[in-house]
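Step one of this worksheet: look at the structure below.
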Ligand code: IPM
Ligand code: MG
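In the numbering used here, the protein residues as written are 67 to 425.
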């Protein structure tokens, strides 16, 4: 097994170090090779996703990714900004299926901005299409408006589009995931306004015919955003497009009290994947040793389960994380009265100690 380790920018290197420690403590046989990505790669190679990094990611069985981005690159041309690294990896590795679980850990219910009874036991899964939609649709750019109220004015435009096969394959992934859970799937669209999402809704409805055991409902994205804060537990699995999924997954993550706890997986058709915490590079706290490494550690667990066929090892990591939370250990982002605040490294060490105690 070969893992490509791409720590990236901001808190990326600190949290990645903890995930690698946890993986090492499992005594599995794997080879991990590191490469720069994002702003860190721009600094050394002049590009956020250098050829060598992409080649390593392609050759590996799985990619463990930290985070990319820093305000200091905001003025670079778009193609050189750190975010292009993760977008490029998704596109080149054809990682079209993004799994973003939003789980509210019993020990962290109080950290949610919602009332405890609304989020206690929350366990939903957002499946976001990751390689299409307005994120990648061509054409895009700047031009002079040819028509409309301001014809002749400078304008910018992007293209929202989905082909039938792109919708079908993500729908299959979502129905199959729902089948393994409560057999309820909500497809989120904007069919009342957008042609692209009327098509999305029609194709998901067609694919549903192959999954009669799964209950499907459709919801407009604005309503879904509202229902997520009104009654989040009414959802189980949500499937949606790239842009709506970007927005709803941040909303869902925050319901759980801390985005610092949530892993994610981005998979191709053969379940090769890239695993990354749902949070970003947090440049404001980089290098301070206070970042929460648990989302990255849990991403490593997802990697073991989905791409490396090591479900038992994944269970061990997840149990160790629950164990440290039960001990009352908290990084700053999830700290509350009566718990013990620890830094990034101490949290990683505690997970390793919990793994060792499992025997
Ligand atoms: C995410 C991030 C990315 C996205 C950015 C960093 C390009 O927000 O993974 O959700 O928009 O997909
Ligand atoms: Mg996002």
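Even for Gly, the Cβ is constructed at its ideal location relative to N, Cα and C.
At a Cβ-Cβ threshold of 8 Å, residue 161 and residue 366 do not count as neighbours. Residues of the same chain with a CB within less than 6 Å of the CB of residue 79, apart from the 5 flanking positions on each side, are 73 in chain order.
Take residue 258, set aside five residues on each side of it, and the residues of its chain with a beta-carbon closer than 7 Å to its own are 286, in chain order. When C-alpha distances from residue 337 are compared across 209, 374 and 246, the shortest belongs to 374.
Around the beta-carbon of residue 276, fewer than 16 other beta-carbon atoms lie within 10 Å, marking it exposed. Contact between residue 234 and residue 269 holds: CB atoms are separated by about 6 Å, below the 8 Å threshold.
When DSSP states are grouped into helix, strand and coil, residue 253 belongs to the strand group. The criterion of a C-beta distance shorter than 8 Å is satisfied by residue 346 and residue 133. In summary, residue 340 is buried, with 16 or more beta-carbon neighbours lying within 10 Å of its beta-carbon over all protein chains present. Counting the other CB atoms within 10 Å of its CB gives residue 422 a total below 16, which places it among the exposed residues. For residue 99, the three-state secondary structure derived from DSSP is strand. Following the DSSP letters along the chain, one finds residue 184 inside the alpha helix (DSSP H) bounded by residues 182-185.
Out of 114, 156, 167 and 169, the CA that lies nearest to the CA of residue 144 is found in 114.
Contact between residue 69 and residue 128 is confirmed by a C-beta separation of about 5 Å, below the 8 Å threshold. By the neighbour-count definition (other C-beta atoms within 10 Å, threshold 16), residue 424 is an exposed residue. One alpha carbon belongs to residue 393, the other to residue 135, and they sit about 33 Å apart.
Any heavy atom of ligand 1 counts here; residues with a Cβ closer than 5 Å to one of them, in chain order, are 149 and 312. At least one heavy atom of ligand 2 lies closer than 7 Å to the C-beta of residue 316. When the Cα atoms are used, residue 223 and residue 148 turn out to be separated by approximately 22 Å. DSSP places residue 262 in the helix class (H, G or I) of the three-state scheme. Secondary structure of residue 293 (DSSP, three-state): helix. Taken in chain order, the whole alpha helix (DSSP H) runs of length 4 or more contained in the segment 331-416 are 360-372 and 377-392.
With distances taken between CA atoms, residue 289 lies nearest to 255 out of 255, 142, 370 and 243. Excluding five sequence positions before and after residue 116, the CB atoms of its chain that fall closer than 6 Å to its own CB belong to 107, given in chain order. In the DSSP assignment, residue 285 falls within the beta strand (DSSP E) that extends over 281-286. If you ignore the 5 residues before and after residue 87, its C-beta comes within less than 7 Å of the C-beta of 414 and 418, all in its own chain and listed in chain order.
A direct Cα-Cα distance of roughly 34 Å separates residue 293 from residue 82. Judged by DSSP secondary structure, residue 119 falls within the alpha helix (DSSP H) whose first and last residues are 117-125. Here the C-alpha atom of residue 95 lies approximately 45 Å from the C-alpha atom of residue 225. In this structure, the CA atom of residue 139 is about 19 Å from the CA atom of residue 155. Measuring C-alpha to C-alpha distances from residue 327 to each of 85, 76 and 298 identifies 85 as the nearest.
By the neighbour-count definition (other C-beta atoms within 10 Å, threshold 16), residue 322 is a buried residue. For residue 166, the beta-bridge partners assigned by DSSP are 192. Taking 8 Å as the cut-off, the Cβ atoms of residue 325 and residue 344 count as close. DSSP lists 343 as the beta-bridge partner residues of residue 329.
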